[in-house]
Each structure stands twice: as C-alpha cells, then as structure tokens.
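Under the working numbering, the residues of the sequence shown are numbered 356 to 803, in order.
Think of the CB as a built atom: it goes at the ideal place given N, C-alpha and C, for glycine as much as any other residue.
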Amino acid sequence: MSEREPLMPDQLTHGGLTQRVSALVLERRPPRSWRVGVVVCALLTLVFVIGLSHLFATGVGIFGLNIPVAWGLPITNTIWWIGIAHAGTLISAVLLLTRQRWRASINRFAEAMAMFAIVCAGLYPVLHLGRPWFWYYLLPYPNDMGLWPQWRSPLVWDFFAIATYLLFTSSFLYLSLLPDLASLRDRASARATRLFYGVLALGWRGDALHWARYERATKTMAAVAAPIVVAVTGIISLDLAVSIVPGFHFTIFPPYFVAGALLSGFATVAILAVVLRWMFALEDLVTRQHLDYLGRMMLIFVVIVNYAYTQEMFAAWYSGEVEYRYVYLDRWTGPYAPAWWGMILCNVGLTQLLWFRRVRRSPLAMLALGITTNLGMWLERFQIVFTSTHADYMPSNWDTVWPTGWDWAIYAGSLGLFGLLLLLFVRLMPMISMHDMRAQIADRGRDG
C-alpha cells in the first residue's frame, strides 16, 4: 500500500500558516469565484424573501399541503437541514476527543456549516405554522394570557431541540474562534479592523491561564456534543415514530435518523471542502487525504443507513399488518415510486463507489458523490413524509399531493441563504483554524 499523503506541506511554518490564513480575511481581495457565488446566493436569498412575503400575506395554502399530507415539503426540509448540521458538531467535538489531527483543516467551516444549517432548519417549522406570528406559543412563557403550549405537540419538541442545538453550535464555534480572532486583531493594519476583531476576541492574550481555560472549556463542550447530536435528531425522529401512521411508527427511527443525518452532514462537508479548496487555492491545506478521510466517514454511515433500510422493510413485513406492507408496495409502485428508487440509487448504489480509495481521493468524484448523497437523503425524507401519509388507514382520505412552485422557490431560497451566510463567514473569519493547525505543525512528526 502506498504511503499516506501528509496532511500539510512539510515546509509550512507557524508564521507562514498565520500569514496565509489571515491574509484571506485581512489583505487578499476575494477571488472572482467567491464574488460570483455571493451574487448567485444573494439572488436566491431574494427569492426566499419574496416567498416568505407571499407566504405571510397569503397563508400556508401556497404550499402543496392537503389532507392527509398535512406536513409536506416544509417538514421534509426541516429534517434535511437538521441532518446537514450534525456532521459539523461531530467533526468539531468527537474527532477532537479522539485526537484525530486531520480535523484541523476542516473543522472551522464544518462548525460554521452546522450553525447556518440549523438556522435554515429552524425557519421551516415557523413557516409551516398557519399563523406564524404566534410562533411564541411554542415557548414556555408565563401563563398570563390563560394559554399554555401543547406539550404533546411535536412542534414544541422541535423548538427545544433546534434551539438547544443552535445555542450549542454557536457557542462552540465562537469559543473555537477566540485565539484566531486575537491573531487577526494583532495583524490588522486598519484601526477599525483592529477594534472589530479586538472586541470579538474578548481580551485574549494567549497566556498560559487563557489556554488552560480554553482547553478545559473546549473539552467539556466536546463531551456534551455527542449526546446533543443524538438527542436532537432522536427528538425529530420521534415526531414521526410516536404516531400510529403506517410508515412512521417504527422504533428504528431514532438511530436510523441519526445515521442518516451524519451521512448527509459529512456529504455536505465534503462538498464544502472541495469547493473552498478550489475557490481559495487551499489544495495543500485541505488535501486529498482529508477527502479520503471524509469519504471513509461517509462510508461508515452509508453501511448503517443501508442496514436501516433493510430493517425497516423487514419490520413492515414481519409485523403482519396489511397497512404497513401496503406502505412499501406503494413506495415501490405508487405515484411517489421515483422518489424511493431515486433514494436507493443515490444512497445504496452510487455510494458503493466510496469503497474505492481512488474515488475518495478525487475532488470531482467526492463533489459528485456529496451532491448525489444529499439528493438521496432529501428524497429519503420526502418519501417518508409523503408516502406515509398520502394513503393511510382510510381509503376515503387517500390523495396524491405534490409540492408547488412556491415550495420549490422557498427551498431554493433557503439554499441561497445558507450559501450566502457561509460565504460571508469565510470572508470575515478564518476558514481554517490557525491554532489547531499550529498544534499540528508542532506535532508534524506524528502526522498521518
């Protein structure tokens, strides 16, 4: 077997690393590809704003919702965005606790991805409400108005799950930024820039006491991260599993959703790694070896997700309930069959290419597999929400419902919002963790 590629150039020094990464924020004019990306994402965000304006003025009737498919695309997208958010926390926390040094080049934009994805996820339950201006009914506010949230409603569970994850990811990201914000403060030439990063750095001086407290806080939050990842996705899956709807009522859903979330999250990290290394010429810092490791992580969760697909079908047949068996017959041959077979193609068929090292080390192949895997995971959430509800226990209620143009416009707009936030972040903040990379330079002899 050939020797593994180093995770960074042998000639890279502490000063060279700091100069190169900080220049992406302080000195270097953003590349044309970044500017084009910002324009495209801004236009999509404008579509999102227009869609929201029409939604608030007209109501949820603009969505493709009808009885019995009362959730539709908004809840599909909520679950999909939450899944994307999870790999960022896993890279930041679990790989930190297990001392995986390859995380140093990718953990920063993975953490940012997690925060912005959970923001997009949190918008959809509010948009799905019939009266979104009463969103605060989900909060445990004092009962002065003689009202109280319906604690048996999954929307209340979603609020606490999403709010907890957003608070954690933003705190963890900000904590990890402190040493690098101080570096930007010290290297900035303009007074306003020094003041901006100085305020954000909270007086970081880099002395032994600061580093000791930083390490203690980072490890504590990392230890809390894994239970949060499982709890958040588990709660979202229980929105479905606690019901008696055939196609929802499966006890395998919590671990199944966690594995699927991490698969889509690592696929998104792979997409960002390929795009950002090309956009900012970071091929020597985000190497093919990093892509190889991301491909391996994707492969782990591909195996788990494929096993979950098999067990879900087995449980439907083993239960002996005609309704559960019909759900799968309908998924295979009914009006939504293309969604199910597309999911199988993307998540079972194409992902088997990840067994090959040459594929995992190819930027174009990883970009393509990241996109197709995310498409497959979106189709998985689509067929769970739609096929499980459009034909329930009462044939008189059966109906086929399809997303409308406004569904697709708001979904495309949320992609634009996510991309815009991420592109602005990598322009204002260092996209590579300088202090983690410096530690890796000091440990270079043990790399790989």
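- Query: Considering only residues of the region 429–503, which uninterrupted alpha helix (DSSP H) runs meet the minimum length of 4 residues and lie entirely inside it, listed in chain order?
  - Reply: Those alpha helix (DSSP H) runs which fall completely within the region 429–503 and span 4+ residues are 462–483.
- Phe608 beta carbon less than 8 Å from that of Leu649: Here the question's residue 649 lines up with position 294 in the sequence shown. Here the question's residue 608 lines up with position 253 in the sequence shown. Not a contact, by the Cβ cut-off of 8 Å.
- Item | Cβ shell of Ser377 (< 7 Å), same chain only, five flanking positions each side left out | In the sequence shown, counting from the first residue as 1, residue 377 sits at position 22. These residues qualify, in order along the chain: Ser538, Leu539, Arg542 and Pro785.
- Task: Count the other C-beta atoms from every protein chain shown that fall within 10 angstroms of the C-beta of Met356, then say buried if there are 16 or more, exposed otherwise.
- Result: As a working mapping, residue 356 is identified with position 1 in the sequence shown. At Met356 the pLDDT is 39, less than 50, meaning the model places this residue with poor confidence; the figure from the coordinates comes in the next sentence. With fewer than 16 other Cβ atoms within 10 Å, it is exposed.
- Query: Using a Cβ-Cβ cut-off of 6 Å (strictly less than) and excluding sequence neighbours within five positions of Trp435, which residues of its own chain qualify?
  - Reply: As a first step, residue 435 must be located in the sequence shown, where it is residue number 80. Cβ neighbours of Trp435 beyond the five flanking positions: Trp733 and Arg736.
- Task: For Met653, count neighbouring C-beta atoms within 10 Å of its own C-beta (all shown protein chains included) and say buried if the count is 16 or more, exposed if not.
- Result: For the purposes of this step, residue 653 is taken as residue 298 along the sequence shown, with counting starting at 1. Label assigned to Met653: buried.
- With distances taken Cα to Cα, identify the nearest neighbour of Arg384 among Thr373, Leu783 and Trp757. Numbered from 1 along the sequence shown, position 29 holds the residue referred to as residue 384. Checking every option, the nearest Cα to that of Arg384 belongs to Leu783.
- Alpha-carbon spacing of Ser526 relative to Asp747, whole angstroms: For the purposes of this step, residue 526 is identified with residue 171 of the sequence shown, where counting begins at 1. For the purposes of this step, residue 747 is identified with residue 392 of the sequence shown, where counting begins at 1. Between Ser526 and Asp747, the C-alpha separation is close to 43 Å.
- When you compare only the Cα positions, how much space is there between Leu724 and Leu705? As a first step, residue 724 is located in the sequence shown; it is residue number 369 there, counting from the start. As a first step, residue 705 is located in the sequence shown; it is residue number 350 there, counting from the start. Leu724 and Leu705: Cα-Cα distance of roughly 7 Å.
- Taking the CB atoms as reference points, tell me whether Gly619 and Gly443 lie closer together than 8 Å. The residue you call residue 619 lines up with position 264 of the sequence shown. The residue you call residue 443 lines up with position 88 of the sequence shown. Position check: residue 619 holds Ser in this sequence, whereas Gly was assumed. No. Outside cutoff.
- Query: Rounded C-beta distance between Gly485 and Val584? I'm assuming under 8 Å.
  - Reply: Position 130 of the sequence shown holds residue 485. Position 229 of the sequence shown holds residue 584. No, Gly485 and Val584 are not in contact; Cβ-Cβ is about 31 Å, not under 8 Å.
- Query: Candidates Phe612, Ala578, Ser788 and Thr575: which alpha carbon is nearest Ser592's?
  - Reply: On the sequence shown, residue 592 is found 237 positions in, with the first residue counted as 1. Nearest C-alpha to Ser592: Phe612.
- Segments assigned alpha helix (DSSP H), at least 4 residues, entirely inside the region 759–794: 760–783
- Quick one: residues in its chain with C-beta nearer than 7 Å to the C-beta of Pro610, no 5 flanking neighbours on either side, listed in chain order? Position 255 of the sequence shown, counting from 1, holds the residue named residue 610. Cβ within range, chain order: n/a, list empty.
- Message: Given this structure, state the Cα-to-Cα distance separating Gly406 from Val740, to the nearest angstrom.
- Response: As a working mapping, residue 406 is identified with position 51 in the sequence shown. As a working mapping, residue 740 is identified with position 385 in the sequence shown. Distance between the alpha carbons of Gly406 and Val740: 22 Å.
- Item | Under the three-state DSSP convention, the category Val394 falls into | One-based indexing of the sequence shown puts residue 394 at position 39. Residue state, collapsed to three classes: helix.
- For the candidate residues Arg632, Phe669, Phe471 and Ala440, whose alpha-carbon lies nearest to that of Leu719? Start at 1 with the first residue of the sequence shown, and residue 719 comes out as number 364. Looking at the Cα atoms, Arg632 is the closest of the given residues.
- Buried versus exposed, by CB contacts within 10 Å (16 or more), Gly615: Within the sequence shown, residue 615 is the residue found at index 260, counting from 1. So Gly615 counts as buried.
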